[in-house]
Amino acid sequence: REIIDTMVNKFQNIFNTQHPAFDGKRNLYTKDPLPFGRERIELEVTLPGPGEGRDRCFKVQIKWVAQVSLVSLQEALQGHGPPVPNEAVQALDVIMRHLPSMK
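Number 115 marks the last residue of the sequence shown (the working numbering); no jumps.
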């Protein structure tokens with residue numbers, strides 16, 4: 013999470029006022045699409061090394077994968093349409109778990 017937090021702060025021109033939620037593995041959720049569209053971008057993030065150690069460099073690749081529809085979740089919960097969509101539940105779970113880690 014430290015890598016993601018540093019990346020968001022360093023690349024404010026990409027993330028603007030968005031505070032993405034990261035699942036700790038490979039998924040990053042944002043409220044709005046990022047400005048590079050469906051292109052894959054690679055960002056370099058540097059974290060200070062432990063103590064007086066060398067800095068650690070990481071390359072983070074970001075690519076748009078899908079838009080999660082909360083409308084389909086709402087319809088499923090109201091008994092209309094297909095069963096509850098797993099991707100919407102997963103996205104909400106990640107967002108809710110990410111909020112306490114931001115403090």
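Glycine included, C-beta positions come from ideal geometry on N, C-alpha and C. Since the model is a prediction, treat every value here as computed from it, not as a measurement.
query: Assuming contact is defined by CB atoms lying nearer than 8 angstroms, are Phe34 and Arg13 in contact in what I supplied?; result: yes
query: For the structure I just gave you, are there three or more beta carbon pairs, one from the stretch 61 to 73 and one from the stretch 88 to 101, closer than 8 angstroms?; result: no
query: Would you kindly work out how many angstroms separate the C-alpha atoms of Thr29 and Ala103, rounded to a whole number?; result: 19 angstroms
query: What does the alpha-carbon distance come out to for the pair Arg53 and Ile15?; result: Checking the sequence shown, residue 53 turns out to be Ile, not Arg. One C-alpha to the other measures close to 16 angstroms.
query: Going by DSSP, which residues form a beta bridge with Ile53?; result: Ile74
query: So for Thr29, helix, strand or coil by DSSP?; result: coil
query: Give me the residue from Arg38, Ala100 and Pro62 with the minimum Cα distance to Ala88.; result: Ala100
query: For the stretch 85 to 110, which segments carrying the alpha helix (DSSP H) assignment without a break, of at least 4 residues, lie completely within its bounds, in sequence order?; result: none
query: Find the nearest neighbour of Asp44 within the set Val106, Met108, Pro32 and Glu64, judged by alpha-carbon distance.; result: Pro32
query: Keeping to the same chain, check which residues put their C-beta closer than 6 angstroms to that of Arg109; ignore five residues upstream and five downstream.; result: none
query: So what does Phe34 bridge to, in DSSP terms?; result: Leu40
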